[in-house]
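One structure is given here, and the rest of the page talks about it.
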Amino acid sequence: MPQRAATIVGGGIGGLAAAIALHRRGWRVEVLERAPEFTEVGAGISLWPNALRALEVLGLAGAVRALGAVEAAGGVRDRRGRWLSRTDNAELTHRFGHPLVVLHRADLLRALTEALPADSLRSGSEVSAVRDDGRHLTVDHLGGASRPDLVIGADGLRSAVRRALWPDAAGPRYAGYTAWRTVTEPLAEPPSEGGAIWGRGARFGYTALPGGRMYCFATASLPAGTASGASEYAELLRRFGSWPDPVPALLASVPADAVLRHDLYDLPPLPSFVRGRVALLGDAAHAMTPNLGQGACQALEDAVTLAHCLDGTPGVGAALRSYDLLRRPRTQAVTRRSARLGAVGQLSWPPAVLLRDTAARLTPARVALRSMTPVLGWTPPGDRVTAPRNGGH
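Sequential numbering from 15 applies to the sequence shown in the working numbering.
Take a look at the structure:
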């Protein structure tokens, strides 16, 4: 049987993971990334137990864990600094088999790219068209044209693949709030616990990265496209500089030019993630708000599930239909759950905030953790695949 070929559009976490999973099953893969290099402009990323199980399938869980930090505990506090709920990472590990690991996005991306042959990574290759006439798949890009057996659209929230083959699908919808993300300089005495503080229409969170740095994130309910009057760092100080400790000290250690800001969107549910021999993956299929920390985690799940379906089902079209049946209900449920949590976290009416905080305080930690089982208890299909079947990289 001739070697099958896959073109993955998008060189982010999901696209690279899919390329690794297919490469190690004997596929010839190419990853088309429109940016001039494979890199991640971002801050921290949370990898929950379900993501680490997906990385185990790829043989990368140990290497990725070594790049990250594991906090002993964390939780949620109110605007006055009082604890509303606590999370014990040891209990998380006991229940789900892995801890919560936080690392820099660039470190994760580097680990993924290093697991692929260098000649499969094609930066500066923006895609201009994807066509499927029933017999032939064609992907036109700056480097020419590719004619693979499979196309994977892993090109994010505003996916060109989705626009080309799902032209009538609804576009991204604004969640109602914007977000700032940043990483501090190394701290002499970083906080011993991570956490999030819920205010009125605003939140501030922080968690440890390796080397004494902290990943910080904040949200505020604002109309889409609202511009800051000064720099984004100045805006963070204005909005959150008087919040409870350790927020002021964390902000004081943030480089003024290192604050990223993005309005937050999710994707209305698609009727299918597949069209013929084209599949959508990650944010291109089910972009979600970051409230559960599951965006990249679900993309990693997508990647190993897609490869498993292609491995076990004759014919690409039938395999993709299996992938759609496995992934669409789950990811759309996680998207809805994340949106609900964000709506609760962004409450601003004082009586509603009081009710929210009281409910959080009265909910036992074990109950809150058990409620996450549908998300974190995911089990990968199939067996671990760690080496190419036909030699290769």
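Quick reminder that beta carbons are idealized off the backbone N, C-alpha and C, glycines included.
Beta carbon of residue i nearer than 8 angstroms to that of residue j
{"i": "A33", "j": "V43", "result": "yes"}
{"i": "R109", "j": "G56", "result": "no"}
{"i": "P186", "j": "Y279", "result": "yes"}
{"i": "A270", "j": "F254", "result": "no"}
{"i": "A310", "j": "L295", "result": "no"}
{"i": "S139", "j": "L156", "result": "yes"}
{"i": "R375", "j": "G213", "result": "no"}
{"i": "T21", "j": "P162", "result": "yes"}
{"i": "G326", "j": "R291", "result": "no"}
{"i": "R10", "j": "H37", "result": "Because the chain spans 15 through 407 in this model, residue 10 falls outside it and cannot be assessed."}
{"i": "G58", "j": "T221", "result": "yes"}
{"i": "F52", "j": "L122", "result": "no"}
{"i": "A379", "j": "G170", "result": "no"}
{"i": "G167", "j": "S362", "result": "no"}
{"i": "L251", "j": "L265", "result": "yes"}
{"i": "A125", "j": "A178", "result": "no"}
{"i": "E54", "j": "R136", "result": "no"}
{"i": "V358", "j": "R341", "result": "no"}
{"i": "L61", "j": "V84", "result": "no"}
{"i": "V165", "j": "V71", "result": "no"}
{"i": "V45", "j": "G28", "result": "no"}
{"i": "P260", "j": "A184", "result": "no"}
Extent of the continuous alpha helix (DSSP H) run through residue i
{"i": "L390", "result": "T387 to L390"}
{"i": "A379", "result": "A379 to R384"}
{"i": "V261", "result": "V261 to A266"}
{"i": "G28", "result": "I27 to H37"}
{"i": "R370", "result": "P364 to L376"}
{"i": "R253", "result": "E246 to F254"}
N- and C-terminal bounds of the beta strand (DSSP E) containing residue i
{"i": "D121", "result": "Per DSSP, D121 belongs to no beta strand (DSSP E); it is in the alpha helix (DSSP H), R119 to T127."}
{"i": "E44", "result": "R42 to L46"}
{"i": "T21", "result": "A19 to V23"}
Per DSSP, the bridge partner or partners of residue i
{"i": "V218", "result": "The question names Val, yet the displayed sequence has Phe at residue 218. Bridge partners of F218: I211 and A232."}
{"i": "H300", "result": "Answer is none; H300 lacks a bridge partner."}
{"i": "T240", "result": "Its beta-bridge partners do not exist; DSSP assigns none."}
{"i": "L13", "result": "Since the first and last residues shown for the chain are 15 and 407, residue 13 lies out of range."}
{"i": "R187", "result": "D280"}
Distance between residue j and residue i (C-alpha atoms, nearest Å)
{"i": "L88", "j": "Q312", "result": "Just to set this straight, residue 88 is Gly in the shown sequence, not Leu. Distance between the alpha carbons of G88 and Q312 is about 22 angstroms."}
{"i": "F218", "j": "A382", "result": "20 angstroms"}
{"i": "G239", "j": "V116", "result": "29 angstroms"}
{"i": "S286", "j": "V175", "result": "14 angstroms"}
{"i": "E199", "j": "P224", "result": "11 angstroms"}
{"i": "L284", "j": "H300", "result": "8 angstroms"}
{"i": "T387", "j": "G307", "result": "14 angstroms"}
{"i": "P262", "j": "H322", "result": "47 angstroms"}
{"i": "S336", "j": "V389", "result": "20 angstroms"}
{"i": "T192", "j": "R18", "result": "42 angstroms"}
{"i": "S267", "j": "S206", "result": "16 angstroms"}
{"i": "A35", "j": "P258", "result": "44 angstroms"}
{"i": "H407", "j": "A132", "result": "Bear in mind that the predicted position of H407 carries a pLDDT of just 40, short of 50, making it too unreliable to give a figure here."}
{"i": "A75", "j": "W41", "result": "22 angstroms"}
{"i": "V153", "j": "S352", "result": "33 angstroms"}
{"i": "Y229", "j": "G82", "result": "12 angstroms"}
{"i": "T303", "j": "S134", "result": "31 angstroms"}
{"i": "G405", "j": "A210", "result": "At G405, the pLDDT of 36 sits below 50, so the modelled position is not reliable and the matter cannot be decided from this model."}
{"i": "L320", "j": "P343", "result": "15 angstroms"}
{"i": "G158", "j": "E249", "result": "44 angstroms"}
{"i": "V399", "j": "A333", "result": "Residue confidence for V399 is low, a pLDDT of 45 falling below 50, so the modelled location carries little weight and cannot support an answer."}
{"i": "N64", "j": "L106", "result": "11 angstroms"}
{"i": "A401", "j": "R39", "result": "With a pLDDT of 40 at A401, under the threshold of 50, the predicted position of this residue should be treated as unreliable, though the coordinate-derived value follows. Whole-angstrom Cα-Cα distance: 8 angstroms."}
{"i": "R403", "j": "G396", "result": "For R403, the predicted structure reports a pLDDT of 39, less than 50, and the residue's modelled location is therefore unreliable. A value from the coordinates is still provided. In a straight line, the C-alpha of R403 is about 16 angstroms away from that of G396."}
{"i": "A49", "j": "A293", "result": "22 angstroms"}
{"i": "G26", "j": "T127", "result": "10 angstroms"}
{"i": "L350", "j": "A189", "result": "It is worth fixing the name first, because residue 350 is Arg in this sequence and not Leu. Those two C-alpha atoms are separated by around 11 angstroms."}
{"i": "L98", "j": "L201", "result": "26 angstroms"}
{"i": "R149", "j": "E315", "result": "29 angstroms"}
{"i": "V367", "j": "T101", "result": "21 angstroms"}
{"i": "S242", "j": "R91", "result": "27 angstroms"}
{"i": "A104", "j": "G329", "result": "43 angstroms"}
{"i": "R227", "j": "S235", "result": "27 angstroms"}
{"i": "R195", "j": "A77", "result": "25 angstroms"}
Contiguous alpha helix (DSSP H) assignments of at least 4 residues, all confined to the stretch 53-141
63-71, 75-81, 103-110 and 119-127
Please give the ranges of any alpha helix (DSSP H) in the stretch 144-182, keeping only runs that are unbroken, at least 4 residues long and fully inside the region.
174-179
In chain order, which alpha helix (DSSP H) runs of at least 4 residues are fully inside the stretch 276-334?
297-300 and 309-326
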